[in-house]
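Everything on this sheet refers to the single structure shown next.
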């Protein structure tokens, strides 16, 4: 390994980072996760911690850019230079830049996260079959609205699982239109545009107006890349147009005809001979996780290594099951020392516990009703399900002071004791037989120890092992428009906040009704949290809003004082 | 047999930039990543010879240190990589 002259390093271990912008190649949540995992590569072997900031100046400022992106070291189009980073220090020092002329993936082709549909945001499964035909990219087949979609399993005809693919017809990102989709045609500087354009910009990013007249309304957003978006060439980001004519011949897929380097390309209009518009077809792309882990090594003070297998070797090569090389570990520990504090919790015994919930082992803390009649046969849970691999939980809540993570009929507990060990999986049906497999939210009335569970438009109330329900949530006074209660926040003094969509209601446990003056906008009362959080709970005086694998923590002053990763901070994954 | 009969070579606009000569590519690579840095010798500044720079690069990349622009070295120069120089200046 090598360090920079003078062993440049950070003089503190709680390093901060901030993501300034996103690449249109991948969904922002996937990019967030790739960067979080890339930092974890280094925090796993050193005392370093990495906290993400959403404003202000962070130690490591991360951005995507093309060619000349504002520092003295321009990028060079597709391939070649992938990214660079500066050694620790003030200003641009410590920052990491990624070349957005690259096709950013996780190393094995486009990662297309879906929206809406019924797949809860799962990624596309390519190839998939639809009406007996195989598709290797998103398609508008079967639709009249021209929205590209894909199946999230290999066989749509059998599983019927699908979602919509990123497209400018579905949403835009950044800009000033809050993600509104493009409106075509739109007028810009008097000209009409019926597709995304880079006109008016010098950074090559494609944009559109979200009303039909940008000149008057000034509303715009950036277009997400479709999965067939080309890179390089002279129409970066535009999708391939199939069929297209080249040298008088029709092509229905990418071709290397006309090139000596064998690279696949396509035209982005129906006639290359006439329009000369083209670009390189999407390939495996470069793993943003691997490249980021390398660049963050620079940002922490490591220079290039001459060990070919090391992460800090200057050339990119894709690795399926990544693990940090000894050379990298020696280098980073030379700068920051070994990881201090407890070793990662030893792997939990994966023989399922056989005692149903409530768990006797807590009996020492407070007496709990246990119903001897409850059957204690081995649970039917799947011990191989690893909560650390899940992208999202049905609900996260606090019961008897312990965090509970519910997912597909199972739940895990993280003790609130200092060692914070995780136990499970437990079977929901064994502990609360009346409940369905999917729980949207739950809370415990600490005064009566009643536990309320919500699923869809129904709720159940458990007192020990006896249950009331299911009842309709309308019984609580929630309007028919509420399809599900996504979060339940017990506020003490028999008050509970119930969250759904962008609103929340205050439920009075005494009157068993919603208080007057509700609903209210979540954003208005809890500034800075996402309005599509799907888990809300309170622990140790802080309120947590969770979306997928991230959480926003509000302190007692209702200020977002920390954002983190559910997996590593709450679920205690190694 | 293996060549398409009527393969037509098309120079697309994007292509022109990429078809630099190998030597030119090597020179810019060695300079960009710090292998061609100047050497101080008794007050006299001189550029590192290309052969010496090539040897440095071959050592860094775990290639045979021939000091010549052989095929493995040229292939290595065309591989995607990090933009931070290999030799700090």
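Protein chains in written order, with the numbering used here: chain D, 1 to 574; chain U, 1 to 89.
Every residue gets a Cβ at the ideal spot worked out from N, C-alpha and C, and that includes glycine.
Assess contact between the stretch 180–199 of chain D and the stretch 219–228 of chain D, defined as three or more Cβ pairs (one per stretch) separated by less than 8 Å. Is contact present? With the cut-off at 8 Å, the stretch 180–199 of chain D and the stretch 219–228 of chain D touch.
I need the straight-line Cα distance from residue 51 of chain D to residue 127 of chain D, nearest angstrom please. Here residue 51 of chain D refers to the residue found at position 51 when the first chain is read from its first residue. Here residue 127 of chain D refers to the residue found at position 127 when the first chain is read from its first residue. If I take the Cα positions, the gap works out to 38 Å.
Run the CB neighbour count on residue 410 of chain D, radius 10 Å, all protein chains shown included, and call it buried at 16 or more, exposed below. Within the first chain, residue 410 of chain D is the residue found at index 410, counting from 1. That one is buried.
Any idea if residue 308 of chain D is buried or exposed, counting beta-carbon neighbours within 10 angstroms, 16 or more meaning buried? Reading the first chain from its first residue, position 308 is the one you call residue 308 of chain D. Label assigned to residue 308 of chain D: exposed.
Proximal residues to residue 545 of chain D (C-beta, below 6 Å), its chain only, five neighbours per side dropped: Here the question's residue 545 of chain D lines up with position 545 in the first chain. Short of 6 Å from the beta carbon of residue 545 of chain D, and not among the five residues preceding or following it, lie these beta carbons of its own chain, in chain order: 529, 533, 536 and 552.
Given a cut-off of 8 Å, decide if residue 122 of chain D and residue 144 of chain D are closer than it, judged by their beta-carbon atoms. For the purposes of this step, residue 144 of chain D is taken as residue 144 along the first chain, with counting starting at 1. For the purposes of this step, residue 122 of chain D is taken as residue 122 along the first chain, with counting starting at 1. No; because the gap between Cβ atoms is not below 8 Å, this pair is not in contact.
Can you give, in chain order, each stretch of the beta strand (DSSP E) that sits fully within the stretch 178–230 of chain D and has at least 3 residues? Taking only runs of at least 3 residues, the beta strand (DSSP E) segments lying wholly in the stretch 178–230 of chain D are 186–188, 191–193, 207–209 and 220–222.
Would you list the residues sitting across from residue 163 of chain D in a DSSP beta bridge? Within the first chain, numbered from 1, the residue matching residue 163 of chain D stands at position 163. Beta-bridge partners of residue 163 of chain D (DSSP): D/150.
For residue 81 of chain U, which residues in chain D fall below 8 Å Cβ to Cβ? For this step, residue 81 of chain U is matched to residue 81 along the second chain. Contact of residue 81 of chain U with chain D by beta-carbon distance below 8 Å involves 80, 81, 82, 314, 315 and 316.
Using DSSP with H/G/I as helix, E/B as strand and the rest coil, what is residue 61 of chain D? By 1-based counting over the first chain, the position of residue 61 of chain D is 61. Looking at residue 61 of chain D - three-state DSSP - the assignment turns out to be strand.
In the DSSP assignment, what residue or residues form a beta bridge with residue 61 of chain U? Within the second chain, the letter at position 61 stands for residue 61 of chain U. Assignment of beta-bridge partners to residue 61 of chain U by DSSP yields no partner.
Determine, for residue 73 of chain U, whether the minimum Cβ-Cβ distance to residues of chain D falls below 8 Å. The sequence position of residue 73 of chain U within the second chain is 73, counting from 1. Not closer than 8 Å to any Cβ of chain D, the Cβ of residue 73 of chain U fails to qualify, so no.
Select from D/262, D/334 and D/511 the residue whose C-alpha is nearest the C-alpha of residue 9 of chain D. Within the first chain, residue 9 of chain D is the residue found at index 9, counting from 1. Closest option to residue 9 of chain D, Cα to Cα, is D/334.
Excluding the 5 residues flanking residue 377 of chain D on each side, which residues of the same chain have their C-beta closer than 7 Å to its C-beta? Against the first chain, residue 377 of chain D aligns to sequence position 377. Since pLDDT at residue 377 of chain D reaches only 38, below the 50 mark, its modelled position is unreliable, and the value read off the structure follows with that caveat. If we look at residue 377 of chain D and ignore the five residues flanking it on each side, it has no Cβ neighbours.
Between the alpha carbons of residue 434 of chain D and residue 455 of chain D, how many angstroms are there, rounded? The residue you call residue 434 of chain D lines up with position 434 of the first chain. The residue you call residue 455 of chain D lines up with position 455 of the first chain. About 12 Å.
So within the stretch 478–531 of chain D, which uninterrupted beta strand (DSSP E) runs reach at least 3 residues, ignoring any that extend past its ends? 487–492, 495–500 and 503–508, all fully within the stretch 478–531 of chain D.
I believe residue 107 of chain D touches residue 287 of chain D by the beta-carbon criterion, under 8 Å. Please report the beta-carbon distance rounded to the nearest angstrom. Within the first chain, the letter at position 107 stands for residue 107 of chain D. Within the first chain, the letter at position 287 stands for residue 287 of chain D. Confirmed, Cβ separation roughly 3 Å.
Taking 8 Å as the CB-CB limit, is residue 56 of chain U close to chain D? Indexing the second chain from 1 puts residue 56 of chain U at position 56. Answer no: the Cβ-Cβ gap between residue 56 of chain U and chain D never drops below 8 Å.
Take the Cβ of residue 353 of chain D as the centre, count every other Cβ of all protein chains shown within 10 Å, and call the residue buried at 16 or more, exposed below. As a first step, residue 353 of chain D is located in the first chain; it is residue number 353 there, counting from the start. Unreliable positioning characterises residue 353 of chain D in this predicted model, as indicated by a pLDDT of 38, which lies under 50. The coordinate reading is nonetheless provided below. It is buried - the Cβ of residue 353 of chain D has at least 16 other Cβ atoms within 10 Å.
Please report how far the alpha carbon of residue 499 of chain D lies from the alpha carbon of residue 480 of chain D, in whole angstroms. One-based indexing of the first chain puts residue 499 of chain D at position 499. One-based indexing of the first chain puts residue 480 of chain D at position 480. Within the model, the alpha-carbon separation for residue 499 of chain D versus residue 480 of chain D is close to 14 Å.
Drop a sphere of 10 angstroms on the beta-carbon of residue 20 of chain D, count the other beta-carbons inside from all chains shown, and report buried for 16 or more, exposed for fewer. Within the first chain, the letter at position 20 stands for residue 20 of chain D. Here residue 20 of chain D is exposed: its Cβ has fewer than 16 other Cβ atoms, across all protein chains shown, within 10 Å.
With the cut-off set at 8 Å, would you say residue 271 of chain D and residue 219 of chain D are in Cβ contact? As a first step, residue 271 of chain D must be located in the first chain, where it is residue number 271. As a first step, residue 219 of chain D must be located in the first chain, where it is residue number 219. No, they are not a contact pair.
Contact check, residue 312 of chain D vs residue 302 of chain D, beta carbons under 8 Å: Mapped onto the first chain, residue 312 of chain D falls at position 312. Mapped onto the first chain, residue 302 of chain D falls at position 302. In contact: residue 312 of chain D and residue 302 of chain D (Cβ atoms closer than 8 Å).
Distance, Cα to Cα, residue 33 of chain U vs residue 390 of chain D? As a first step, residue 33 of chain U must be located in the second chain, where it is residue number 33. As a first step, residue 390 of chain D must be located in the first chain, where it is residue number 390. Computed Cα separation, rounded: 41 Å.
Which residue marks the beginning of the beta strand (DSSP E) containing residue 279 of chain D, and which one marks its end? Residue numbering aside, residue 279 of chain D sits at position 279 when the first chain is read from its first letter. Residues 278–280.
With 16 as the cutoff for other CB atoms within 10 Å, does residue 23 of chain U come out buried or exposed? The residue labelled residue 23 of chain U in the question sits at position 23 within the second chain. Result: exposed.
I need the straight-line Cα distance from residue 563 of chain D to residue 132 of chain D, nearest angstrom please. Along the first chain, one-based indexing puts residue 563 of chain D at 563. Along the first chain, one-based indexing puts residue 132 of chain D at 132. Straight-line Cα distance between these residues: approximately 45 Å.
Less than 8 Å between CB atoms is the rule here; does residue 544 of chain D satisfy it with respect to chain U? In the first chain, counting from the first residue as 1, residue 544 of chain D sits at position 544. No, no contact with chain U.
Candidates D/444, D/472 and D/448, of which the one nearest residue 457 of chain D by Cα: As a working note, residue 457 of chain D is residue 457 in the first chain. With distances taken between Cα atoms, residue 457 of chain D lies closest to D/472.
Where does residue 395 of chain D sit, in a helix, a strand or coil, going by DSSP? Here residue 395 of chain D corresponds to residue number 395 of the first chain, with the count starting at 1. Residue 395 of chain D falls in the strand class under three-state DSSP.
What is the C-beta distance between residue 17 of chain D and residue 44 of chain D, in whole angstroms, given that I count them as a contact (C-beta under 8 Å)? Translated into positions along the first chain, residue 17 of chain D becomes position 17. Translated into positions along the first chain, residue 44 of chain D becomes position 44. No, residue 17 of chain D and residue 44 of chain D are not in contact; Cβ-Cβ is about 16 Å, not under 8 Å.
Closer than 8 Å to chain U by CB, residue 334 of chain D: Walking along the first chain from the start, residue 334 of chain D turns up at place 334. No, residue 334 of chain D lies away from the interface with chain U (no Cβ there is under 8 Å from its Cβ).
Determine, using beta carbons only, whether residue 23 of chain U comes closer than 8 Å to chain D. Sequence index remark: in the second chain, residue 23 of chain U carries index 23 (1-based). So, not an interface residue.
Would residue 99 of chain D and residue 110 of chain D qualify as a contact pair, given that the criterion is a beta-carbon distance under 8 Å? Here residue 99 of chain D is taken as the residue at index 99 of the first chain, counted from 1. Here residue 110 of chain D is taken as the residue at index 110 of the first chain, counted from 1. Not in contact: residue 99 of chain D and residue 110 of chain D (Cβ atoms no closer than 8 Å).
Does the pairing of the stretch 288–299 of chain D with the stretch 79–95 of chain D give three or more beta-carbon distances under 8 Å? The stretch 288–299 of chain D vs the stretch 79–95 of chain D: in contact.
Tell whether a beta-carbon distance below 8 Å holds between residue 117 of chain D and residue 173 of chain D. For the purposes of this step, residue 117 of chain D is identified with residue 117 of the first chain, where counting begins at 1. For the purposes of this step, residue 173 of chain D is identified with residue 173 of the first chain, where counting begins at 1. Contact check for residue 117 of chain D against residue 173 of chain D fails: the beta carbons are separated by 8 Å or more.
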